[in-house]
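Oh and the sequence shown: position 201 is 224 in this note's numbering, straight run, nothing missing.
Don't be surprised by glycine CBs; every beta carbon is placed ideally from N, CA and C.
Just below is one structure, and these are the notes that go with it.
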Amino acid sequence: MDRQLALGFKLREDISLSTFIPGNNSQAITDLTTTARGIGEPLIYLWGGKSTGKSHLLQAACQLADSEERPAVYIPLQQAELFQPDILNDLESLKLVCLDDLQRVTGDPAWEQAIFHLFNRLRDIGASLVVAADQGPSNLPIKLPDLASRLAWGLSYQLHPLTDDEKQSALIQGAERRGLDISRDTAFYILRHAPRDMGSLRVLLDRLDHASLEAQRRLTIPFVRSLIDSRNPSD
24 MDRQLALGFK LREDISLSTF IPGNNSQAIT DLTTTARGIG EPLIYLWGGK
74 STGKSHLLQA ACQLADSEER PAVYIPLQQA ELFQPDILND LESLKLVCLD
124 DLQRVTGDPA WEQAIFHLFN RLRDIGASLV VAADQGPSNL PIKLPDLASR
174 LAWGLSYQLH PLTDDEKQSA LIQGAERRGL DISRDTAFYI LRHAPRDMGS
224 LRVLLDRLDH ASLEAQRRLT IPFVRSLIDS RNPSD
């Protein structure tokens, strides 16, 4: 993924579409998969609140496209203050462009023009664009009417957060991928006593993996409790 590295945005290597627990988002995952493979809709707009998996899905789509020799790039617009809109120039060699946190640049004329022209160039060469934001396309404060119109052309999916049962399954599967054994009771304990968003839970699993290996301990409730308490000392 040379273009990805050249732009300085590193993808999480452990992220893939297969590791995403779909919950009520199955159709969005199906359509994103076909688009990443070059046989789906040329534009997909994903939106939802914090920790609904938007960044995971965009990075996973890039990983999938790249694995099938379809050059792709992921651009986190959350970091837009670190670069200029011209970062979107000269992307015509790519098959898939994923723009995350679109809401960070809407209302900025230079960025809106750059995204509008990027959309047109990608469409002309048969490439795909996937964008993610915290609101639906009709609710973003876009000043450029042509851009608002373009974003309404493709598929739009609101991503829904996982239920507690689905989060338990995600914890157990995440532990298994790390070679760890975690019971449903321990997963339930984690959900009751740790931050419940999937980003925080993924970070906690990384900590548990390291601590379990270092201490040569299984992920029992007492062991997990000691780690959570060590990060949340009482006053």
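Return helix, strand or coil for glutamine 82, following the three-state DSSP convention. Position 59 of the sequence shown holds residue 82. It is helical.
Answer with buried or exposed for leucine 105, where buried requires no fewer than 16 other C-beta atoms within 10 angstroms of its C-beta. On the sequence shown, position 82 is the one that residue 105 refers to. Exposed, by the Cβ-count rule.
Extent of the continuous alpha helix (DSSP H) to which alanine 103 belongs: Within the sequence shown, the letter at position 80 stands for residue 103. Taken as a continuous stretch (DSSP letters only), alanine 103 belongs to no alpha helix (DSSP H), as it is neither H nor E.
So, helix, strand or coil for serine 290, using DSSP? Nothing about residue 290 can be reported from this structure: the residues present for the chain run from 24 to 258 only.
So, threonine 243 versus threonine 209, is the Cβ gap smaller than 8 Å? In the sequence shown, residue 243 corresponds to position 220, counting from 1. In the sequence shown, residue 209 corresponds to position 186, counting from 1. Their beta carbons are under 8 Å apart, which means threonine 243 touches threonine 209 by this criterion.
Residue environment, serine 49, which counts as buried when at least 16 other CB atoms sit within 10 Å: Here residue 49 refers to the residue found at position 26 when the sequence shown is read from its first residue. By the neighbour-count rule (16 or more Cβ atoms within 10 Å), serine 49 is not buried but exposed.
Scan the segment 225-257 and note each continuous alpha helix (DSSP H) run of 4 residues or more that stays entirely inside, going in chain order. The qualifying runs are 244-254.
Among Gln196, Leu178, Ser41, Glu115, the one whose alpha carbon lies nearest that of isoleucine 67: Against the sequence shown, residue 67 aligns to sequence position 44. The residue with the shortest Cα to Cα distance from isoleucine 67 is Leu178.
Let's test the definition: count the other Cβ atoms within 10 Å of the Cβ of serine 257 and tell me whether it reaches 16, buried, or not, exposed. Here residue 257 refers to the residue found at position 234 when the sequence shown is read from its first residue. Note that serine 257 scores a pLDDT of 44, beneath 50, so its modelled location is shaky and nothing firm can be said.
Does the distance from the CB of leucine 111 to the CB of alanine 137 come in under 8 Å? Reading the sequence shown from its first residue, position 88 is the one you call residue 111. Reading the sequence shown from its first residue, position 114 is the one you call residue 137. Contact check for leucine 111 against alanine 137 passes: the beta carbons are separated by less than 8 Å.
In three-state terms, what does DSSP make of isoleucine 62? Within the sequence shown, residue 62 is the residue found at index 39, counting from 1. Of the three classes helix, strand and coil, the one that applies to isoleucine 62 here is coil, per DSSP.
Same chain, Cβ closer than 6 Å to serine 151, five either side skipped, listed in chain order: Locating residue 151 in the sequence shown gives position 128, where the first residue counts as 1. These residues qualify, in order along the chain: Thr58, Pro65, Leu119.
Can arginine 207 and glutamine 191 be called in contact, C-beta distance under 8 Å? Within the sequence shown, numbered from 1, the residue matching residue 207 stands at position 184. Within the sequence shown, numbered from 1, the residue matching residue 191 stands at position 168. Pairing arginine 207 with glutamine 191 gives a Cβ-Cβ distance under 8 Å.
Specify, as a first and last residue, the run of the beta strand (DSSP E) that alanine 155 falls within. For this step, residue 155 is matched to residue 132 along the sequence shown. According to the DSSP assignment, alanine 155 belongs to the beta strand (DSSP E) that extends over 151-156.
Euclidean distance between Cα positions of leucine 167 and lysine 77: For the purposes of this step, residue 167 is taken as residue 144 along the sequence shown, with counting starting at 1. For the purposes of this step, residue 77 is taken as residue 54 along the sequence shown, with counting starting at 1. Take the alpha-carbon of leucine 167 and the one of lysine 77: they are about 24 Å apart.
Tell me which residue opens and which closes the alpha helix (DSSP H) that aspartate 187 is part of. Locating residue 187 in the sequence shown gives position 164, counting from the first residue. Counting along the chain, the unbroken alpha helix (DSSP H) around aspartate 187 starts and ends at 187-200.
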